[in-house]
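Trainee:
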Amino acid sequence: MAIGLGDGQLARNMILFAHRHTTRAHVRFTGIDQFEMRSDTTGGLPLKQAHQMLHSLPARIQLIPGDPFEALARHANSLLDSDLVVIQADQLGAAMDRAWFYVPRMLHHASLVLVNRPGTDGKPGSYQALDRKAVQRAASVAKAPRKAA
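Note that this note's numbering numbers the sequence shown so that position 139 is 139, with each residue one more than the last.
Okay, structure coming up:
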């Protein structure tokens with residue numbers, strides 16, 4: 001699963017790597033992105049183009065439009081037992097801060113969560129692996145969504 005698709009290359013590489021190295025019958029990939037809703041038009045794919053790029057790959061593809069919070073609020077229960085969650089640097093912010101509330105329920109004991117930290121001076125960022133405790137801390141800081149009365 002990727003939160004933030006950018007130009008789609010990382011998603012493509014994740015799918016191909018998983019296909020080559022899994023013992024499962026199939027690879028499942030979910031991508032959450034704002035697609036056409038993003039405020040800047042640089043570096044991101046429209047939803048239709050992302051579908052075209054990824055659906056030819058050996059995986060079941062699910063693309064969910066929206067910011068991380070609203071997308072996970074709608075779909076977290078269908079994303080249980082995710083092996084890998086990659087959160088891109090351009091997704092960090094208020095919506096992702098709130099979205100952490102949903103992440104722990106999507107994980108199993110061996111899940112890996114990677115957060116892309118932005119680079120400086122135009123250099124690419126690095127990925128930080130979060131352990132279960134760090135994910136739980138982030139989730140506990142996130143406010144539980146309120147239900148309408």
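All C-beta atoms, glycine included, are put in the ideal place defined by N, C-alpha and C.
For clarity, every value in this text was computed on a predicted model and none was experimentally measured.
I believe PRO58 touches HIS19 by the beta-carbon criterion, under 8 angstroms. Please report the beta-carbon distance rounded to the nearest angstrom.
Mentor: So it is a contact: roughly 5 angstroms between Cβ atoms.
Trainee: Identify whether PRO124 lies in helix, strand or coil by the three-state DSSP scheme.
Mentor: PRO124 falls in the coil class under three-state DSSP.
Trainee: How long is the line joining the alpha carbons of MET96 and ASP67, rounded to whole angstroms?
Mentor: For MET96 and ASP67, the distance between alpha carbons rounds to 8 angstroms.
Trainee: Closer than 7 angstroms by C-beta to PRO118: which residues in its own chain qualify, once you throw out the five before and the five after it? Chain order, please.
Mentor: Closer than 7 angstroms at the Cβ level, and outside the excluded window around PRO118, lie ALA89, GLY125.
Trainee: Using a 10 Å radius around the Cβ and a threshold of 16 neighbouring Cβ atoms, would you call GLY93 buried or exposed?
Mentor: Exposed: under 16 other Cβ atoms inside 10 Å.
Trainee: Distance, Cα to Cα, TRP100 vs LEU114?
Mentor: Cα to Cα, TRP100 sits roughly 13 angstroms from LEU114.
Trainee: Where SER78 and TYR102 are concerned, what is the direct C-alpha to C-alpha distance, given to the nearest angstrom?
Mentor: Going by the C-alpha atoms only, they are around 11 angstroms apart.
Trainee: Per DSSP, what kind of secondary structure is ARG28 in: helix, strand or coil?
Mentor: In the structure shown, ARG28 sits in a strand (DSSP, three-state: E or B).
Trainee: Could you round the C-beta distance between PRO104 and ALA50 to whole angstroms and report it? I think they count as a contact, below 8 angstroms.
Mentor: Their Cβ separation, rounded to whole angstroms, is 27 angstroms, which puts PRO104 and ALA50 out of contact at 8 angstroms.
Trainee: Rank ASP33, ASN116, GLN34, ASN13 by C-alpha distance to the C-alpha of VAL27 and give the top, closest one.
Mentor: Out of ASP33, ASN116, GLN34, ASN13, ASN13 has the C-alpha closest to the C-alpha of VAL27.
Trainee: What are the residues that DSSP puts in a beta bridge with ALA50?
Mentor: Note: ALA50 sits in no beta bridge, so no partner.
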